[in-house]
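Visitor: Before anything else, here's the structure in question.
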Ligand SMILES: [Zn+2]
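In our numbering, the protein residues as written are 1 to 281.
As structure tokens, then:
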């Protein structure tokens, strides 16, 4: 068995992404289901009616699979897709697990993942992330989910999309997917929001004035709002006005309670340790 060698490796916001893009014009190397040997292997079509514009990011779960020695789930799914042609007609842009991330399709091309048909809005307008999990809640499982949230934030940011453009597979055709994440979808969205706030705070010319490593009482803005959403998603009340973007006494109290519960220094200041614990919850 030979494992895939990436055509390129890039690092974005600390996430290493290995590229093995299925070539344009690739053909089925065998008959499979409704496809004949020699049929087009993927849509070979640009997103959003041929413009290539990304309108949404769609999150899926797929099962953790037994790993051959020396590789991992994301590589195995990528290789099973192309060149092995063993993934039927599932074509996604990214596979991500607790250690690895592989890109299979260009970000301007149509995948097959949303179950709403070749020209359905899910397939036609969105990028697909398959987060590989086993649902055990283990550290590895949580790491896969958090890395998936970071990737979703990176894609939303790159394509100038807001959190409202983050979709679950279920939103397109009703299928219960991402099956391990849907039961706590709000928490997942809060994680994406927090990653997005950090990414946007790093960008040049950003209007975000706060460094996330220094959030404390009296700070304001979208990073505070992201923090509040994370706290609320984890069961800590930030007061009657909810996630209002203002770090007032109720938010400080929520931070202190969270820090106590996690065995952190309960100082009410959100530094890398507190934010790391919140994202890992
Ligand atoms: Zn799905």
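Backbone N, C-alpha and C fix where the C-beta goes; we use that ideal spot for every residue, glycine too.
1. Residue 243 to residue 137, Cα distance in whole Å?
2. Should residue 24 be labelled buried (16 or more other beta-carbon atoms within 10 Å of its own) or exposed?
3. Closer than 7 Å by C-beta to residue 170: which residues in its own chain qualify, once you throw out the five before and the five after it? Chain order, please.
4. Using the beta carbon as the reference atom, which residues fall closer than 5 Å to any heavy atom of ligand 1, ordered along the chain?
5. Below 7 Å CB to CB, which residues in the same chain sit around residue 4 once its five sequence neighbours on both sides are set aside?
6. For residue 229 and residue 84, what's the separation of their Cα atoms in angstroms?
7. Ordered along the chain, which non-local residues of its own chain (more than five positions away) have a Cβ less than 8 Å from that of residue 48?
8. Is the distance from the Cβ of residue 61 to the Cβ of residue 179 below 8 Å?
9. Does DSSP put residue 84 in a helix, a strand or coil?
10. What residue range does the alpha helix (DSSP H) around residue 145 cover?
11. Is it buried or exposed for residue 119, if we count other Cβ within 10 angstroms and need 16 for buried?
12. With which residues is residue 270 paired in a DSSP beta bridge?
13. Could you give the distance in angstroms between the alpha-carbon of residue 68 and the alpha-carbon of residue 97?
14. So for residue 75, helix, strand or coil by DSSP?
15. Just to confirm before moving on: does the CB-CB distance between residue 71 and residue 104 stay below 8 Å?
16. In whole angstroms, give me the CA-to-CA distance for residue 128 and residue 173.
17. Looking only at C-alpha atoms, which of 17, 86, 265 and 167 sits nearest to residue 94?
18. Use the C-beta contact count for residue 64: other C-beta atoms within 10 angstroms, 16 or more gives buried, fewer gives exposed.
19. Do you know how far the Cα of residue 133 is from the Cα of residue 195?
Guide: Based on what the coordinates show:
1. Locating residue 243 in the chain shown gives position 243, counting from the first residue. Locating residue 137 in the chain shown gives position 137, counting from the first residue. The C-alpha of residue 137 is placed about 27 Å away from the C-alpha of residue 243.
2. Within the chain shown, the letter at position 24 stands for residue 24. Looking at its Cβ environment, which holds fewer than 16 other Cβ atoms inside 10 Å, residue 24 is exposed.
3. Taking the chain shown and counting its residues from 1, one reaches residue 170 at position 170. So the qualifying residues of the chain are 176, 177 and 182.
4. 60, 169 and 177
5. By one-based count along the chain shown, residue 4 stands at place 4. Closer than 7 Å at the Cβ level, and outside the excluded window around residue 4, lie 20, 75, 78 and 79.
6. The count along the chain shown starts at 1 and reaches residue 229 at position 229. The count along the chain shown starts at 1 and reaches residue 84 at position 84. Taking the straight line joining both Cα atoms gives about 42 Å.
7. Here residue 48 is taken as the residue at index 48 of the chain shown, counted from 1. So the qualifying residues of the chain are 54, 55, 124 and 125.
8. Within the chain shown, residue 61 is the residue found at index 61, counting from 1. Within the chain shown, residue 179 is the residue found at index 179, counting from 1. Contact flag set, yes.
9. The residue given as residue 84 occupies position 84 in the chain shown. Three-state DSSP puts residue 84 in coil, outside helix and strand.
10. Reading the chain shown from its first residue, position 145 is the one you call residue 145. Where residue 145 is concerned, the enclosing alpha helix (DSSP H) stretches over 139-158.
11. As a first step, residue 119 is located in the chain shown; it is residue number 119 there, counting from the start. Exposed, since its Cβ has fewer than 16 Cβ neighbours within 10 Å.
12. One-based indexing of the chain shown puts residue 270 at position 270. Residue 270 pairs with 215.
13. Your numbering for residue 68 matches position 68 in the chain shown. Your numbering for residue 97 matches position 97 in the chain shown. Cα to Cα, the separation comes out at about 15 Å.
14. As a position in the chain shown, residue 75 is number 75, starting the count at 1. Correct three-state label for residue 75: helix.
15. As a first step, residue 71 is located in the chain shown; it is residue number 71 there, counting from the start. As a first step, residue 104 is located in the chain shown; it is residue number 104 there, counting from the start. In this structure, residue 71 keeps its C-beta atom at 8 Å or more from the C-beta atom of residue 104.
16. Along the chain shown, read from residue 1 onward, the residue named residue 128 stands at position 128. Along the chain shown, read from residue 1 onward, the residue named residue 173 stands at position 173. Spanning the two alpha carbons is a distance of roughly 14 Å.
17. What you label residue 94 is simply residue 94 of the chain shown in a count that begins at 1. Checking every option, the nearest Cα to that of residue 94 belongs to 17.
18. Taking the first residue of the chain shown as position 1, residue 64 is located at position 64. Label assigned to residue 64: buried.
19. Sequence index remark: in the chain shown, residue 195 carries index 195 (1-based). Sequence index remark: in the chain shown, residue 133 carries index 133 (1-based). Those two C-alpha atoms are separated by around 20 Å.
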